[in-house]
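Undergrad:
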Amino acid sequence: MAADGYSRAVFEDFIIHEASLLDARRFRDWMGLFADDGTYWVPAVPDQQSPFDKASLFYDDRELMNTRVERLEHPRIHVQTPPSRTTHLVGNVVVEDTGGAKGEYVVDSTLIMVEYRDDAQRVFAGRQRHRLRRHGDSFRIVQKRVDLINCDSAFDAMAVPI
Amino acid sequence: MRNGHADEIAKLIEPGRVHRRVYTDPDLFELEMQRIFGRAWLFVGHASQVPNPGDFITTDLGRQPVIMVRHRDGSIHVLLNRCTHRGAKVVNERRGHAQRLTCCYHGWSFDTDGKLAAVPVPEGCADGFDKDAFGLAHAPRAGEYRGFVFASLAAKGPSFEDHIGPVKGNIDDLVDRAPDGELALDAGMHRYAFNGNWKLQVENVLDSYHVPFGHASTVNKDGVQFARREGDRKGATVVEAEKKQTAASWKDRKSFIAGNGHGWTSNTSLDDGKRSSPAFDEYKTALAEKAGAERAKDILTPRLHNSLIYPNMSIMGLNIHVRVIKPIAVDRTEVTIYPIRLIGAPEAMNAGNIRLLNVTHSAASLVQSDDLESFVRVQKGLQSHMTDWVDISRGLGAEEPDRERNATRALATHEMVVRAQYKAWLGYMGEAA
């Protein structure tokens, strides 16, 4: 038992499912996993404390996420012509013992995403933290935070969420 | 091109076109590093990045590593980041604080004004070793305007005043927006890179022609872009959706040049007097208290979109930031974008600016990423030898004087600004260093 009667596998299954939606480019379904007050955050500073006083690679609330997904579906998104192909690997899953306070859970994992686009392949890697809220017999994401090991480096253009 | 004879270089630029080699020839790139980045006034950093004595940042001028550091007496020094002993880069952190700058190799340490302070095992120094001659080299010339620090790696050339004079008003436009009259570039940075020549980014910052098509994916079905400033509910109308053509208000935007390759584009009124949010309203009040109601209204009238201070930086007046362009190779460029905090503005106002800048200018942003794709594709397309010339002739001959700014004006969808950049480019490149 990892937290509040849920086994680690339940959380692991959920974040693997979340990653698989990105790999399948089912961005709208991916967005649907987020709570209405959910955020997706990829800091641009190691150990960044806040998205409000420093630049971030991504800091999307649901409204911005929707704008981003609309753009990903737009026929003239040049930076996705051709589209990215990605594969995520999620592992080293640790469920923090929060006692399920407020029905929320914190799940840390290691993330590797390999992206191929337009004859070039690159790797993103880091630790991710999902703050999840119980929702029926599954979860909604309150926050997905991805701390890339090279978050403060110069990146070539990125278009798809990590 | 290795010799860089003036007459040979002059053949690369014609009134409305540029030879493709200007973007693709590695020998020309080497010449640019000497003749442009080796002597032009380049933006180094902002005083707010080194608020206290001992604070430093490191960056590159062209490809030369430098340190911008504040000394005990409050002065800012631009030092070459190269140990005077055996040549190691002395400071390896991107930013930090130190009493002395100490080389990792043999431990030579330098004061924050560059002077050599101590050498380990001093009894081994050659007879007559003159410590004073071994200080870290200073950039030969440095200048500051309202916190913006520039340096030139050449001892001679146009003065800082001559260089910056025509665009002082553009810096003022930004700094005056801070209720306390001061900016801080301390909100992190966006860093992106692309496989393309540095001038593609320089040209793009003043290019209003590309927006309706290049950024089509950021415009909604009504032809309107998303909001980019705190307090706005929507952005600029870019396309007239029914007619599927560039909006008239977009076509009316103007561009300006004022010598030295500098230029700027005008802004359009976005939310016409309706700009409002709790953070923006509080900011407006704070600004009016400091500057007076009339002056505050004037300051908040949008005039400038991007301002280019040739050759390596731009300032954006819409969602405010400073952009620094760093050439790496003929086909590789790195760019840093600093969000700006307005000192004296409420925290929520600055937070709003920082958040909206993620949307437009991070490597993963909705706007910048499509520009990067265009730059990469230009670099690829220019590998074609069948067409030698890049066309920059839009609006050629349609330029008109602008008395208000002592500048020359054209429509922003014209290419006058690019022609002005190449005039400056020729000025630097046509002369041996």
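Chains as they are written, first to last, in my numbering: chain A, 1264 to 1425; chain B, 1120 to 1552.
Backbone N, C-alpha and C fix where the C-beta goes; we use that ideal spot for every residue, glycine too.
1. Please state the DSSP three-state secondary structure of H1440(B).
2. Any beta carbon of chain B sitting closer than 8 Å to that of T1330(A)?
3. Contact criterion: CB-CB distance below 8 Å. Does L1411(A) meet it with respect to chain B?
4. Check whether chain B comes within 8 Å of I1375(A), counting only Cβ atoms and requiring the distance to be less than that.
5. Return the residue from the list A1125(B), R1139(B), A1129(B) that minimises the CA-CA distance to V1497(B).
6. Under 8 Å, Cβ to Cβ, is there at least one residue of chain A near R1219(B)?
7. Taking just the CA atoms, how far does A1410(B) sit from F1332(B)?
8. To the nearest angstrom, report how far apart T1361(A) and V1386(A) are at their CA atoms.
9. Under 7 Å Cβ to Cβ from D1073(B), same chain only, skipping five residues before and after it: list those, please.
10. What residue range is occupied by the uninterrupted alpha helix (DSSP H) comprising M1152(B)?
11. Hey, out of V1197(B), H1424(B), E1401(B), whose CA is closest to L1325(B)'s CA?
12. Is N1477(B) close to chain A? Criterion is C-beta to C-beta, closer than 8 Å.
13. Which residue wins for smallest C-alpha separation from R1205(B), given the options H1225(B), F1269(B), D1351(B), N1289(B)?
14. Give the secondary structure of E1275(A) by DSSP, where H, G and I count as helix, E and B as strand, and everything else as coil.
15. How would you write the range of the beta strand (DSSP E) that D1410(A) sits in, first residue to last?
16. Whose C-beta lies closer than 7 Å to the C-beta of S1396(B) among residues of the same chain, with five residues either side of it excluded?
17. Using a Cβ cut-off of 7 Å, which residues of the stretch 1335-1364 of chain B contact any Cβ in chain A, in chain order?
18. According to the neighbour-count rule (16 or more other Cβ atoms, all chains shown, within 10 Å of its Cβ), is K1499(B) buried or exposed?
19. What's the C-alpha gap between R1528(B) and G1382(B)?
20. Please go through the same chain and pick out, in chain order, the residues whose beta-carbon is closer than 8 Å to the beta-carbon of C1244(B), but skip the five residues on each side of it.
21. Which same chain residues end up closer than 6 Å to I1132(B) when comparing Cβ atoms and leaving out the 5 residues on each side of it in sequence?
22. Kindly indicate which three-state DSSP category M1468(B) falls into: helix, strand or coil?
23. Spatial neighbours of A1388(A) within its chain, please: C-beta separation below 6 Å, excluding the five flanking residues on both sides.
24. May I have the straight-line CA-CA distance separating E1550(B) from A1159(B), to the nearest angstrom?
25. Excluding the 5 residues preceding and the 5 following E1518(B) in the sequence, name in chain order all residues of the same chain whose CB lies nearer than 6 Å to its CB.
26. Evaluate C1223(B) with the Cβ neighbour count: other Cβ atoms within 10 Å of its Cβ, from every protein chain shown; 16 or more gives buried, anything less gives exposed.
27. Quick check: the stretch 1367-1381 of chain A against the stretch 1393-1403 of chain A, are there 3 or more CB pairs under 8 Å?
28. Between I1376(B) and the rest of its own chain, which residues show a CB-CB distance below 7 Å, the 5 nearest in sequence each way excluded?
29. Hey, quick one: how far does the alpha helix (DSSP H) through K1499(B) stretch, first residue to last?
30. What does F1418(A) touch in chain B if you count any residue whose Cβ is under 8 Å from its own?
31. Just the Cα atoms here: how many angstroms apart are P1383(A) and M1548(B)?
32. What are the residues that DSSP puts in a beta bridge with I1473(B)?
33. From M1294(A) to I1278(A), what distance separates their C-alpha atoms?
34. Tell me which residue opens and which closes the beta strand (DSSP E) that Q1391(A) is part of.
35. Name the chain E residues whose beta carbon is nearer than 7 Å to that of P1458(B)?
36. Applying the criterion that 16 or more other CB atoms from any shown protein chain within 10 Å of the CB defines a buried residue, is Q1364(B) buried or exposed?
TA: By the coordinates alone:
1. strand
2. yes
3. no
4. No - not a single Cβ of chain B is within 8 Å of the one on I1375(A).
5. R1139(B)
6. no
7. 40 Å
8. 32 Å
9. With chain B represented from 1120 up to 1552, any question about residue 1073(B) goes unanswered, as that position is not in the structure.
10. 1145-1154
11. Distance from the Cα of L1325(B) is smallest, within the candidate group V1197(B), H1424(B), E1401(B), for H1424(B).
12. yes
13. Closest option to R1205(B), Cα to Cα, is H1225(B).
14. Note: E1275(A) maps to helix in three-state DSSP.
15. Here the beta strand (DSSP E) through D1410(A) covers 1401-1411.
16. E1349, G1350
17. So the close ones are A1335, S1336, T1337, F1345.
18. exposed
19. Between R1528(B) and G1382(B), the C-alpha separation is close to 10 Å.
20. Counting only Cβ-Cβ distances below 8 Å, and skipping sequence neighbours, we find V1238.
21. Y1541, L1545
22. Helix, per DSSP.
23. I1375, I1412, listed in sequence order.
24. Our two residues, E1550(B) and A1159(B), have alpha carbons roughly 13 Å apart in a direct line.
25. T1527, A1529, M1535
26. exposed
27. yes
28. G1382, A1526, T1527, M1535, V1536, A1539
29. Per DSSP, K1499(B) belongs to the alpha helix (DSSP H) from 1487-1500.
30. Within chain B, the residues near F1418(A) are R1310, Y1311, A1312, A1482, A1483.
31. The displayed chain sequence assigns Ala, not Pro, to residue 1383(A). Each residue's Cα considered, the two are about 34 Å apart.
32. For I1473(B), which the question treats as bridged, DSSP gives no partner whatsoever.
33. 13 Å
34. Where Q1391(A) is concerned, the enclosing beta strand (DSSP E) stretches over 1383-1398.
35. As a matter of chain content, chain E is missing from the structure shown, whose protein chains are A and B.
36. A residue is called buried when at least 16 other Cβ atoms come within 10 angstroms of its Cβ; Q1364(B) does not meet this threshold and is exposed.
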